[in-house]
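From first to last, the protein sequence lines are chains L and G. Read left to right, the first sequence gives residues 0 to 405 (numbering that gives the first Met the number 0). Read left to right, the second sequence gives residues 0 to 323 (numbering that gives the first Met the number 0). Even for Gly, the Cβ is constructed at its ideal location relative to N, Cα and C. Accompanying notes for the structure given below.
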Amino acid sequence: MSVPHAWTPPTSVDAPTPTPEQVVAGLKGTDEGGPDLVQLLTPEGERVSDPRFDGYAADVDVESLKALYRDMVLVRRFDREGNALQRQGQVGIWVPLLGQEAAQIGAGRAMQPQDMAFPSYREHGVAWTRDIDPVDLIGIFRGTDHGSWDPKEKRFHYYTIVIGNQCLNATGYAMGQKFESKVGEGADAEATICFFGDGATSQGDVHEGFVWSSVYDAPVVFYCQNNQWAISEPNERQTRVPLYKRAQGYGFPGIRVDGNDVLACLAVTRWALEECRTGNGPVLIEAFTYRMDAHTTSDDPSRYRLADELELWKLKDPIERVRVNLVRQHGVEQEFFDSVQAESDELAVRFRDHCVNLPQPAPDRMFSQVYAEGSPNIDAQREAYLAYHSSFDTEGSLAGPSIEGA
Amino acid sequence: MTRLTISKAINDGLRAAMERDSKVIVMGEDVGKLGGVYRVTDGLLKDFGEQRVLDTPLAESGIIGTAVGLAIRGFRPVCEIQFDGFVFPGYDQIVSQLAKLHFRTQGKVRMPVVVRIPFGGGIGAVEHHSESPEALFAHVAGLKVVACSNPADAYWMIQQAIASDDPVIFFEPKRRYWEKAEVDLDSEPPPLFSSRVARKGSTLTLVSYGAPLKTCLEAATAAEADGHDLEVIDLRTLSPLDLGPVAESVRRTGRLVVVAEAPPETSVAAEVAARIQEECFHSLEAPVIRVTGFDVPYPPSKCEDDFLPDLDRILDGVDRSMAW
Chain L
0 MSVPHAWTPP
10 TSVDAPTPTP
20 EQVVAGLKGT
30 DEGGPDLVQL
40 LTPEGERVSD
50 PRFDGYAADV
60 DVESLKALYR
70 DMVLVRRFDR
80 EGNALQRQGQ
90 VGIWVPLLGQ
100 EAAQIGAGRA
110 MQPQDMAFPS
120 YREHGVAWTR
130 DIDPVDLIGI
140 FRGTDHGSWD
150 PKEKRFHYYT
160 IVIGNQCLNA
170 TGYAMGQKFE
180 SKVGEGADAE
190 ATICFFGDGA
200 TSQGDVHEGF
210 VWSSVYDAPV
220 VFYCQNNQWA
230 ISEPNERQTR
240 VPLYKRAQGY
250 GFPGIRVDGN
260 DVLACLAVTR
270 WALEECRTGN
280 GPVLIEAFTY
290 RMDAHTTSDD
300 PSRYRLADEL
310 ELWKLKDPIE
320 RVRVNLVRQH
330 GVEQEFFDSV
340 QAESDELAVR
350 FRDHCVNLPQ
360 PAPDRMFSQV
370 YAEGSPNIDA
380 QREAYLAYHS
390 SFDTEGSLAG
400 PSIEGA
Chain G
0 MTRLTISKAI
10 NDGLRAAMER
20 DSKVIVMGED
30 VGKLGGVYRV
40 TDGLLKDFGE
50 QRVLDTPLAE
60 SGIIGTAVGL
70 AIRGFRPVCE
80 IQFDGFVFPG
90 YDQIVSQLAK
100 LHFRTQGKVR
110 MPVVVRIPFG
120 GGIGAVEHHS
130 ESPEALFAHV
140 AGLKVVACSN
150 PADAYWMIQQ
160 AIASDDPVIF
170 FEPKRRYWEK
180 AEVDLDSEPP
190 PLFSSRVARK
200 GSTLTLVSYG
210 APLKTCLEAA
220 TAAEADGHDL
230 EVIDLRTLSP
240 LDLGPVAESV
250 RRTGRLVVVA
260 EAPPETSVAA
270 EVAARIQEEC
280 FHSLEAPVIR
290 VTGFDVPYPP
300 SKCEDDFLPD
310 LDRILDGVDR
320 SMAW
């Protein structure tokens, strides 16, 4: 079993203290969400009313809320395991979602089975809600594949790493839903949801996605997780106006939801998807949240933001507020929380075991499925490379069996 | 048999493909009511409606990016890029998504998308309307790249490209759009990804594609006066290259001249030269000669006759090869 090379960070040359401007930018960028913020569950775990959206969470009883809690705890647990696996050299990189569990679980659980999701690369929580086994994500980061699920079956597209590309792909898909008459009052009506971050909003593809979806009335929910930071750059480097307000310029609704409030994310996304399914799309949702960890395991946030900021956001933790609500409002016993914790630890073990036991891809893996109809060039290169490969003593070879015929 | 221009041949081919498969849609700037600036999509909107012929917003990344999404959904989009020099806003989507999704998903998602691009110069146009960017696409794994040179190929190749389950960048020789030739609508076309001997000959092999192919045929006629019997091969497919017929020819003639409008450095012509010297080293009587544009941005149009390989420059290349 070979191990991918661990990424070695460059030697730090006395990381500078953030400048006053950076500090101010960071504080401004991570302030409260403002008066328009939709919230149903306060950071203290109190259920508050929002007449516009209460109806979209009316069916969430204690069992449903416990299920949302379980989702978030499990997702956080394997996310932390991903970080640990990188630190131990088992994966080249991990992209943590810490702090964004509510934004992702709320949106993901708002989807109907027939809806389609287009993720960025941090959407492990949305993947979870699409019934993708977390172990099927780890190959992307260990370097054994680019994903392995069937996007048609799971209704969850592959991760898109080029920032913003998926906003156009999602728009095109949603246009197809409309062309196939899947928009309307019917029970089979569909919508698409597209995930991206605050940094992506500066990309032309996001702008073009907004333009195209609006002129074609495409049933797509643009779900922007504003986690305040695009690697090292605060919102001030991307926008003068709150991001949700941009929708107005394109002629469709934009709404800012407390991205750390799973109930509000669920309700608002349910509303938005329903709007799209019935022909009132597109809709922009800005889930106002916080990236509690680094951009990736290769990043060092201490170079550009203050630790105090994180402490502020810890008070708004997406999981803790649900736990408090379950205890205080619903009298849920400790036994439940212990069982979820135990389940999450089991998941982490399975996640780890799967990762470290992923087989080395065969030497001809790289030639596989470049084209649907093949290519004589690639066939010739594959043949020549395998012949070269077999010219060595195969005993002790790193290579597994050829995937030919597999 | 019927006489068609290249523009009309592609139009007829598009129509045939759209009639055959309701998932085929045409999208691009001005492709609907106007019928495209070269009228290649003329009349399609009237007959197939707005959900199959899309006058899109003016954004090339949007055209390709939404075509990718439509293909994921099961459609077979045919995108028109209005001019060669306007494709670059869409290049990111072409390289990052269109070319890679089949590989990324290991075949779970197919990308049966055609991107039509009128290419090449010789029309007296302003900047960005006369370029030959084919190498930028041929170099990208996951794409297939073809170029037609005559009405019959235009008619069949567009239909074959649409039927392909792989993304095809389809280059159209814009300065030949209005040239007419006979098209046999009942013939069985050769496979899409194959080159074709356009003229049999024995003393030297001329290889080209797109607009200069016709110039090569004219050069072959002119060379007869000097006693040269040139074989002319139309590459038709630029990725993957089909060099079997070229190698077979060079083994007989011992001489190869590659003609293209694109700048020579790191070009399709360069790849042909490299591969033929690998495959035909012992047959070559002379180095492979390239007759191409120059490694400069496409010049102002009053200079384009200096840039484009014309009959005399091709014959000069032939003479240099023969004199070796």
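Query	Result
Own chain residues within Cβ distance below 6 Å of G/D228, not counting five before or after	G200, S201, T202
Under the three-state DSSP convention, the category L/N279 falls into	coil
Chain G contacts from the segment 344 to 376 of chain L (Cβ-Cβ distance under 8 Å)	S367, Q368, V369, Y370, A371, E372, S374, P375, N376
Cβ of L/A169 within 8 Å of any chain G Cβ	yes
C-beta neighbour in chain L for G/F85, strict 8 Å	no
Length-filtered (4 minimum) alpha helix (DSSP H) runs lying within the segment 41 to 98 of chain L	61 to 86
Interface residues of chain L facing G/L212 [CB-CB closer than 7 Å]	Near G/L212 there are no residues of chain L at all, since even the closest Cβ is about 22 Å away, more than 7 Å.
Neighbour flag for G/V108 against chain L, beta carbons, 8 Å	yes
Residues within the segment 56 to 72 of chain G neighbouring chain L, beta-carbon criterion of under 7 Å	P56, A58, S60, G61, G64, T65, A66, V67, G68, L69, I71, R72
Cβ of G/H101 within 8 Å of any chain L Cβ	yes
Whole-angstrom distance between L/L265 and L/G373, CA atom to CA atom	44 Å
Cβ shell of G/L242 (< 6 Å), same chain only, five flanking positions each side left out	R274
Any 3 or more C-beta pairs closer than 8 Å across the segment 27 to 35 of chain G and the segment 129 to 149 of chain L	no
Residue burial classification, L/L314 (beta-carbon count within 10 angstroms, cutoff 16)	exposed
Cβ-based burial, L/L64 [other Cβ within 10 Å; buried from 16]	buried
Assigned exposure category for L/W427 - 16 Cβ within 10 Å defines buried	For residue 427 of chain L there is no data in the structure shown, the boundaries of chain L being 0 and 405.
DSSP-derived helix/strand/coil call for L/M365	helix
Contact set for L/S410: own chain, Cβ-Cβ below 7 Å, skip 5 residues either direction	Nothing in the structure corresponds to residue 410 of chain L, since chain L is present only between 0 and 405.
8 Å Cβ cutoff, G/A269 in contact with chain L	no
Members of the segment 245 to 262 of chain G near chain L, C-beta cut-off 7 Å	none
At least 3 beta-carbon pairs within less than 8 Å: the segment 236 to 252 of chain L vs the segment 192 to 209 of chain L	yes
Enclosing alpha helix (DSSP H) for G/K7 [first to last residue]	5 to 19
Between the CA atoms of L/A190 and L/G198 - distance to the nearest angstrom	24 Å
Cα-Cα separation, L/P42 to L/L311	11 Å
Amino acids of chain L, ordered along the chain, whose beta-carbon sits closer than 7 Å to that of G/A140	V369
Interface flag, G/P172 vs chain L, CB-CB below 8 Å	no
Cα-Cα separation between L/E152 and G/V231, rounded to whole angstroms	50 Å
G/A151 beta carbon less than 8 Å from that of G/V182	yes
Reduced DSSP secondary structure (H/G/I, E/B, other) of L/Q224	strand
Opening and closing residue of the beta strand (DSSP E) in which L/G253 lies	253 to 257
For G/V231, the residue or residues it bridges with in DSSP	G/R198, G/L205
Beta-carbon contacts of L/A347 that lie in its chain and below 8 Å, excluding the five residues immediately before and after	R76, F77, R79, E80
Close Cβ partners of L/L55 (< 6 Å) along its chain, the five nearest in sequence each way excluded	One point to set straight first is that residue 55 of chain L is Tyr, not Leu, in the sequence displayed. Around L/Y55: A266, R269, W270.
Residue from L/Q227, L/A217, L/V331 with nearest C-alpha to L/M115	L/A217
Where the beta strand (DSSP E) through G/V77 begins and ends	75 to 79
Closest residue to L/Q89 among L/L97, L/S367, L/S147, L/H353 (Cα-Cα distance)	L/H353
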